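Input: a single structure, listed below in structure tokens.
Residue numbers (the UniProt record's numbering), protein chains in the order written: chain A, 1 to 99; chain B, 1 to 669.
Spelled out as structure tokens, the structure:
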């Protein structure tokens, strides 16, 4: 089990944050959220590497952006899928009965 | 506590014996005549040694800590010791074994008064010339700056204070070590009995807290499983189906005997897989192929989160009529699974890991609801037997797994739900080494602490103490506090088919843990006079012992000992925080099979569901209670599953028909 973030050294935190941030680009906005949530408790630590805050900020922004993009897409899909005909049906995982 | 009064004599006795321990610090040696000087010399010697031997791990001077078990290597910090432990533990065990043998020959009388508890402090100073094997508590207690030595008047209270620490030290340590030799020179049988009583009460309190800690995730997992079952039963086409490797399929027309034999065969196949996988895991673990294991578990977890997550999503979106497109779903599943893998196998917030483990268990249980009814019950019954065998037999695989996990200071990956962050560090392979590790550290500390206490008067010893603690913190104390667990008692478990390891395991603590216990102990007892009735009494396991103690401590207030500095308060709070982690570990296998039972019950009726939930949780409490008594790894399934099955069938064949009759006749209306 990993040690709690509070006990980590500044270098460790930097490494963790960096790894999480870059792996977030594999279509993994969850890891950005993860990064943000994970590092958040120690954000005000004195010895924190300045890059960590940068990573956190970027993670939060990118995650929000992706979340908005997917929300928009999902909204469009839900509302427009019937008008798309067969394409809409093929995109749907389970056809909703009775609608 | 009412029990405290009859315990008077024991406390005196303890105090008396304890006084001997204090003799290590030079100052107190003056006070008490019956002192042997060996120990102080021993720790000095160790300190001097630190100058000429480099740290085993990083080669730095001064290496002020030594592996106290074998006393052959030195380290500059606990981190170094922890990092070196994986290499060092083998030779350490050998050296210690040799050492032990030697001492066993030279001092055969020592075992004559063996007591089964951690409170070995009392007798140790008798053998003070010996460095290696004695004293954990003793060294520790002695190292705390002593408040009462300052004035003549306080001297009378001194034994009480020490005794308090001692009792708590004893009580605070949940594991008993029958093998450890100890002697209590002036304890009458009654005193000893009272001691043990206090200790047992403290243990019980500890376990009660543990139960509350562990019951939340179990209930969550059970509720999730019920939810999945109820949702999937509400007209889903995607319910999990029976696995293809089962040989027998129940049909509506098959007879009971056919069902019985067929389900026995099915369950036998599944159990066989479980046994084989468990053995493979144990062998891999024991051989040290941790990476292979982690790889295997990663695949399993990924499959579970991905595939079973997919099945679950299918159920959910069909029953709840959510139009979902493949794009969003695969994106979400991908994110969900990867985040789960990262949190379980890499680093992450503890709570997230716990959430994922709970969720995984409920998913696993959901997937097992595909089994036919007879097969499920047969499987659970066989699992109970297997669990008993695997944990309690001398060569039971789970027992071996737990032991090697302890010896190698290596956690079993992804199989355990830990109540709080366990972070194994420098955990010695056996209790003896643990004690010695503590002792050595105490010895090094004690020098500084003693000098501290000499400078600070009795009145502000609180401040002095916390200062000392703070300073040492980097090296020994706080790092040990980090380890979080007071005593990790675990229910080890595996993930159902893949690896079913189910056991309640009292983990050997990281030695730091024990250290922490005792630091806390010091603090509490110190401050005990001023806050006899504060929450810490309740807050903490060991409250029982503490209370008996604190009533006696009231007298100390007069001497100004109640002046808690702000510093101390802060420190104490810290301790409380760390304390929050109980040490229970529950294997995911137990989560899964509790949930399987209740999910199966949920497929019948709500009455059976609720009854089984209560029965299983009761069984779990009973198991933890037994754990408190027996102090060793216990299988977590048998009691719970037996209760659950009993209640299921009783409810199904008696209560539900009864209610069905009552309902239409409106008896209660």
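Even glycine gets a Cβ: it sits at the ideal position worked out from N, Cα and C. Treat the numbers as computed from the prediction; the structure is a model and nothing was measured.
Check your understanding: How long is the line joining the alpha carbons of residue 321 of chain B and residue 367 of chain B, rounded to whole angstroms?
Key -> Walking along the second chain from the start, residue 321 of chain B turns up at place 321. Walking along the second chain from the start, residue 367 of chain B turns up at place 367. C-alpha separation (whole angstroms): 21 Å.
**Study point:** Short CB-CB distance (under 8 Å) between residue 387 of chain B and chain A
**Key:** Indexing the second chain from 1 puts residue 387 of chain B at position 387. No - not a single Cβ of chain A is within 8 Å of the one on residue 387 of chain B.
Practice item. Check the Cβ of residue 318 of chain B against every Cβ in chain A and list those closer than 7 Å, keeping chain order. Key: Taking the second chain and counting its residues from 1, the one referred to as residue 318 of chain B is at position 318. The answer, in chain order, is 94.
Practice item. Determine which residues share a DSSP beta bridge with residue 74 of chain B and list them. Key: By one-based count along the second chain, residue 74 of chain B stands at place 74. Per DSSP, B/66.
**Study point:** Proximity winner among B/626, B/362, B/644, relative to residue 709 of chain B (alpha-carbon distances)
**Key:** No answer is possible for residue 709 of chain B: it lies beyond the span of chain B, which begins at 1 and ends at 669.
Check your understanding: How many Å lie between residue 553 of chain B and residue 210 of chain B at the Cα?
Key -> As a position in the second chain, residue 553 of chain B is number 553, starting the count at 1. As a position in the second chain, residue 210 of chain B is number 210, starting the count at 1. Reliability of the predicted coordinates at residue 553 of chain B is poor, the pLDDT of 35 falling under 50, and no value is obtained from them.
Practice item. Determine which residues of the segment 296 to 328 of chain B have a Cβ less than 8 Å from any Cβ of chain A, and write them out in chain order. Key: 313, 314, 317, 318, 321, 322, 323, 324, 325, 326, 327, 328
Check your understanding: To which residues of the same chain is residue 109 of chain B closer than 7 Å at the C-beta, ignoring the five residues directly before and after it?
Key -> Counting from 1 along the second chain, the entry for residue 109 of chain B is found at position 109. Here residue 109 of chain B scores only 43 on pLDDT, less than 50, and its place in the model is too uncertain to base an answer on.
Exercise for review: Would you check whether the ligand SAH has a heavy atom nearer than 7 Å to the C-beta of residue 77 of chain B?
Suggested key: Ligands are entirely absent from the displayed structure, and the ligand SAH is therefore not among its contents.
Practice item. Name the one or two DSSP bridge partners that residue 325 of chain B has. Key: The residue given as residue 325 of chain B occupies position 325 in the second chain. Paired residue(s): A/92.
**Study point:** Contacts that residue 587 of chain B makes with chain A (C-beta to C-beta distance below 8 Å)
**Key:** Here the question's residue 587 of chain B lines up with position 587 in the second chain. Those within 8 Å of residue 587 of chain B in chain A number zero; the least Cβ separation is about 15 Å.
Check your understanding: Who pairs with residue 587 of chain B in a beta bridge, going by DSSP?
Key -> By one-based count along the second chain, residue 587 of chain B stands at place 587. DSSP, once it has assigned bridges, lists B/416 as partnering residue 587 of chain B.
Point to revise | Whole-angstrom distance between residue 371 of chain B and residue 280 of chain B, CA atom to CA atom | key: For the purposes of this step, residue 280 of chain B is identified with residue 280 of the second chain, where counting begins at 1. For the purposes of this step, residue 371 of chain B is identified with residue 371 of the second chain, where counting begins at 1. Going by the C-alpha atoms only, they are around 25 Å apart.
**Study point:** Nonlocal neighbours in the same chain, by C-beta distance under 7 Å from residue 264 of chain B, ignoring five residues either side
**Key:** Counting from one through the second chain, the residue named residue 264 of chain B turns up at place 264. For residue 264 of chain B, where only same-chain residues beyond five positions count, the Cβ hits under 7 Å are 378.
Review point. CB residue 595 of chain B to CB residue 365 of chain B, shorter than 8 Å?
Key: By 1-based counting over the second chain, the position of residue 595 of chain B is 595. By 1-based counting over the second chain, the position of residue 365 of chain B is 365. Yes, these two residues count as a Cβ contact at 8 Å.
Practice item. Output the boundary residues of the alpha helix (DSSP H) element that contains residue 7 of chain A. Key: The residue labelled residue 7 of chain A in the question sits at position 7 within the first chain. From DSSP, residue 7 of chain A is part of no alpha helix (DSSP H); its letter is neither H nor E.
Exercise for review: Return the first residue and the last residue of the alpha helix (DSSP H) that residue 228 of chain B is part of.
Suggested key: Counted from its first residue, the second chain places residue 228 of chain B at position 228. Note, residue 228 of chain B: alpha helix (DSSP H), 189 to 233.
**Study point:** Residues near residue 63 of chain A by beta carbon distance below 6 Å, same chain, minus five either side
**Key:** Reading the first chain from its first residue, position 63 is the one you call residue 63 of chain A. Cβ neighbours of residue 63 of chain A beyond the five flanking positions: 29, 32, 33.
Check your understanding: At a CB-CB cut-off below 9 Å, which residues of chain B make contact with residue 77 of chain A?
Key -> To locate residue 77 of chain A, count along the first chain from 1; it is residue 77. What residue 77 of chain A touches in chain B: 323, 324, 325, 327, 328.
Review point. How many angstroms separate the CA atom of residue 11 of chain A from the CA atom of residue 47 of chain A?
Key: Numbered from 1 along the first chain, position 11 holds the residue referred to as residue 11 of chain A. Numbered from 1 along the first chain, position 47 holds the residue referred to as residue 47 of chain A. Rounded to whole angstroms, residue 11 of chain A to residue 47 of chain A spans 9 Å at the Cα level.
**Study point:** Contact between the segment 299 to 314 of chain B and the segment 74 to 87 of chain A (3+ Cβ pairs under 8 Å)
**Key:** no
Review point. Taking the Cβ atom as the reference point for each residue, do residue 615 of chain B and residue 609 of chain B lie within a distance shorter than 8 Å?
Key: Along the second chain, one-based indexing puts residue 615 of chain B at 615. Along the second chain, one-based indexing puts residue 609 of chain B at 609. For residue 615 of chain B and residue 609 of chain B, no; Cβs fall outside 8 Å.
Check your understanding: Using the rule of at least 16 other Cβ atoms within 10 Å of the residue's Cβ for burial, across every protein chain shown, is residue 458 of chain B buried or exposed?
Key -> Taking the second chain and counting its residues from 1, one reaches residue 458 of chain B at position 458. The predicted position of residue 458 of chain B is uncertain, since its pLDDT is 36 and thus under 50; a value taken from the coordinates is nonetheless stated next. Answer is buried; the Cβ neighbour count reaches 16.
Practice item. Answer with yes or no whether the minimum CB distance from residue 331 of chain B to chain A is below 8 Å. Key: One-based indexing of the second chain puts residue 331 of chain B at position 331. Yes, because at least one Cβ of chain A sits closer than 8 Å to the Cβ of residue 331 of chain B.
Review point. Mind pulling the chain B residues with CB within less than 8 Å of residue 29 of chain A?
Key: In the first chain, counting from the first residue as 1, residue 29 of chain A sits at position 29. Near residue 29 of chain A (Cβ distances below 8 Å), the residues of chain B are 335.
Check your understanding: residue 43 of chain A: buried (16+ other C-beta within 10 angstroms of its C-beta) or exposed?
Key -> Here residue 43 of chain A refers to the residue found at position 43 of the first chain. It is exposed - the Cβ of residue 43 of chain A has fewer than 16 other Cβ atoms within 10 Å.
Exercise for review: Determine, using beta-carbon pairs with one atom in the segment 244 to 252 of chain B and one in the segment 341 to 360 of chain B, whether at least three such pairs fall under 8 Å.
Suggested key: no
Point to revise | Close-in-space but distant-in-sequence residues of the same chain around residue 207 of chain B (CB under 6 Å, 5 per side omitted) | key: Position 207 of the second chain, counting from 1, holds the residue named residue 207 of chain B. Around residue 207 of chain B: 624, 628.
Exercise for review: Name, going along the chain, the residues of the segment 233 to 251 of chain B whose beta-carbon falls closer than 7 Å to a beta-carbon of chain A.
Suggested key: none
Check your understanding: Using a Cβ-Cβ distance under 8 Å, would residue 70 of chain A count as near chain B?
Key -> Counting from 1 along the first chain, the entry for residue 70 of chain A is found at position 70. So yes, residue 70 of chain A belongs to the interface.
Practice item. Look up residue 166 of chain B in the DSSP assignment and say whether it is helix, strand or coil. Key: For the purposes of this step, residue 166 of chain B is taken as the residue at position 166 of the second chain. Any reading at residue 166 of chain B needs caution, since the residue's pLDDT is 40, under 50, leaving its predicted position unreliable; the model's value is listed next. Residue 166 of chain B falls in the helix class under three-state DSSP.
Review point. Nearest-angstrom Cα distance between residue 37 of chain A and residue 215 of chain B?
Key: Translated into positions along the first chain, residue 37 of chain A becomes position 37. Translated into positions along the second chain, residue 215 of chain B becomes position 215. Roughly 25 Å separates the two Cα atoms.
Review point. Do we get a CB-CB distance below 8 Å when we pair residue 338 of chain B with the residues of chain A?
Key: As a working note, residue 338 of chain B is residue 338 in the second chain. Taking Cβ atoms only, chain A reaches closer than 8 Å to residue 338 of chain B, which makes this a yes.
Point to revise | Which of helix, strand or coil DSSP assigns to residue 551 of chain B | key: Here residue 551 of chain B corresponds to residue number 551 of the second chain, with the count starting at 1. Any reading at residue 551 of chain B needs caution, since the residue's pLDDT is 32, under 50, leaving its predicted position unreliable; the model's value is listed next. DSSP places residue 551 of chain B in helix when its eight states are reduced to three.
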